[in-house]
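Colleague: Taking my numbering, the leading residue of the sequence shown gets 29, the next gets one more, and so forth.
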Amino acid sequence: ASGEESEEEGPVISEEPPVFVRAIGTSGTGDGRFALPRDVAMTSDDSIYVADTNNHRVQKFDPKDEFVWEIGAPGNRAQGSGDGAFNYPFSVTVAANGNFYVADKNNYRIQEFTSAGAFVRKWGSPGTDDGEFSNQSPRGVAVAPTVDGNVYVADTFNDRIQKFDKYGVFEREWGTEGTGDGEFNNPRGVAVASDGSVYVADTQNSRIQKFDANGVFVTKWGAYGIGDGSFFQPRCVVVASDSTVYVADTYNDRIQRFTSEGVFVSKWGTEGTGDGEFKDPRGVAVASNGNVYVTDYGNHRIQVFEYED
29 ASGEESEEEG PVISEEPPVF VRAIGTSGTG DGRFALPRDV AMTSDDSIYV
79 ADTNNHRVQK FDPKDEFVWE IGAPGNRAQG SGDGAFNYPF SVTVAANGNF
129 YVADKNNYRI QEFTSAGAFV RKWGSPGTDD GEFSNQSPRG VAVAPTVDGN
179 VYVADTFNDR IQKFDKYGVF EREWGTEGTG DGEFNNPRGV AVASDGSVYV
229 ADTQNSRIQK FDANGVFVTK WGAYGIGDGS FFQPRCVVVA SDSTVYVADT
279 YNDRIQRFTS EGVFVSKWGT EGTGDGEFKD PRGVAVASNG NVYVTDYGNH
329 RIQVFEYED
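1) Within its chain, find whatever has a CB closer than 7 angstroms to the CB of Ala-124; leave out the 5 residues flanking it on each side and keep chain order.
2) Quick one: measure Cβ to Cβ for Pro-117 and Lys-133, integer angstroms, because I've assumed they're closer than 8 angstroms.
3) What number of angstroms, rounded off, separates the C-alpha of Lys-191 from the C-alpha of Thr-278?
4) Does DSSP put Thr-278 in a helix, in a strand, or in coil?
5) Roughly how many angstroms lie between the CA atoms of Ser-294 and Arg-66, to the nearest whole one?
6) Which value, in whole angstroms, describes the spacing of the CA atoms of Gln-107 and Ile-99?
7) In terms of alpha-carbon separation, which member of Phe-89, Asn-135, Tyr-325 lies closest to Asp-73?
8) In or out: Asp-303 buried (at least 16 other Cβ within 10 Å) or exposed?
9) Measure the C-alpha to C-alpha separation of Ser-269 and Asn-186 and round it to an integer number of angstroms.
10) Go through the segment 186-216 residue by residue and report every complete run of the beta strand (DSSP E) that reaches 3 residues or more, in order.
11) From the DSSP output, in three-state form, read off Thr-121 for me.
12) Would you mind working out which of Glu-336, Ile-330, Tyr-335 sits nearest Asp-93, comparing C-alpha positions?
13) In three-state terms, what does DSSP make of Gly-326?
14) So Lys-307 and Tyr-325 are in contact, right, with Cβ under 8 angstroms, and what is the actual spacing, rounded?
15) Within the continuous beta strand (DSSP E) that includes Ser-75, where are the two ends?
16) How should Asn-233 be labelled, buried or exposed, when 16 other C-beta atoms within 10 angstroms of its C-beta is the threshold for buried?
17) What does the alpha-carbon distance come out to for the pair Ile-189 and Val-47?
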């Protein structure tokens with residue numbers, strides 16, 4: 029998960045948590061409705077892509093939250109394996125050129141599309157070799173917000189991150205199963221900052237790990253728990269244009285925000301169905317104005333939050 033970043037300085041953001049402003053969608057199969065959405069990503073003009081996972085499609089909305097189009101399984105909402113079809117799309121990310129990538133989990137592949145939804149390319153197959161993905165993976169994808177547009181994939185059950193160029197050519201991988209620095213236990217989310225730093229939601233180790241662009245370990249934070257800076261199986265990490273880091277602390281039903289070095293800043297959310305409440309939040313994206321979009325998975329909606337002046 030993850031959105032596009034800018035190299036420009038981002039908006040000044042309060043250290044107070046943002047407040048709820050609106051929700052997008054409800055349960056269903058029609059335009060603008062969702063079935064267990066898992067991820068959200070923003071374009072440079074604040075258009076919105078949603079991985080509408082159990083409807084096996086990606087939906088696009090304009091900056092006013094109006095439905096634009098869908099790709100994947102129009103009509104029957106069934107999974108597929110052809111170009112542009114999906115079998116549980118788990119993650120979506122936007123490149124600097126406007127194209128977007130989708131982690132097509134049960135098809136063991138990444139697919140790339142233009143901003144109009146036209147299929148560009150795909151790569152991946154089942155396995156453990158370079159460029160292959162484990163059973164029910166990949167689950168997270170992020171693209172570097174730079175001209176090179178390198179693509180990073182959370183190969184969840186192979187307990188590794190794979191790095192590809194923007195054409196899907198394998199470059200390197202790192203990680204193995206474990207609890208040490210640079211080791212993972214089912215990593216499910218990945219994000220890339222404008223300086224090339226890579227952040228990984230090391231889900232079942234309940235922590236975030238930070239690496240350089242080539243996978244060299246930098247730092248880590250978090251452990252299982254409910255306190256500030258602790259996590260219960262975080263599923264998503266994203267870096268905003270001001271370099272702050274947002275984490276979907278999924279089973280604690282909240283979002284947490286940190287500095288780029290992992291210092292706790294704020295948190296919001298609790299379990300429920302009301303405004304600002306979540307049921308297993310799984311994805312986060314940050315708009316150019318600092319508004320935060322959250323995929324409220326179990327409530328079949330996107331919630332939007334803004335920082336007060």
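Think of the CB as a built atom: it goes at the ideal place given N, C-alpha and C, for glycine as much as any other residue.
None of the values given here were measured: they were computed from a predicted structure.
Modeller: On the basis of the data shown:
1) Excluding residues within five positions, the ones whose Cβ falls inside 7 angstroms are Glu-32, Pro-173, Thr-174, Val-175, Gly-177.
2) About 7 angstroms separates the two Cβ atoms, so the contact holds.
3) The alpha-carbon atoms of Lys-191 and Thr-278 are separated by roughly 25 angstroms.
4) Assigned with DSSP and collapsed to three states, Thr-278 falls in helix.
5) Computed Cα separation, rounded: 23 angstroms.
6) In a straight line, the C-alpha of Gln-107 is about 12 angstroms away from that of Ile-99.
7) Closest by alpha carbon: Phe-89.
8) Counting Cβ neighbours within 10 Å, Asp-303 comes out exposed, since fewer than 16 surround it.
9) About 30 angstroms.
10) For the segment 186-216, whole beta strand (DSSP E) runs of length 3 or above, ordered along the chain, are 188-192, 198-202.
11) Three-state result, Thr-121: strand.
12) Minimum Cα distance to Asp-93 is reached at Ile-330.
13) The answer is helix: DSSP assigns Gly-326 an H, G or I state.
14) Right, the Cβ-Cβ distance comes to about 7 angstroms (below 8 angstroms), so this counts as a contact.
15) In the DSSP assignment, Ser-75 falls outside any beta strand (DSSP E) and carries neither an H nor an E.
16) By the neighbour-count definition (other C-beta atoms within 10 Å, threshold 16), Asn-233 is a buried residue.
17) Going from the Cα of Ile-189 to the Cα of Val-47 covers about 34 angstroms.
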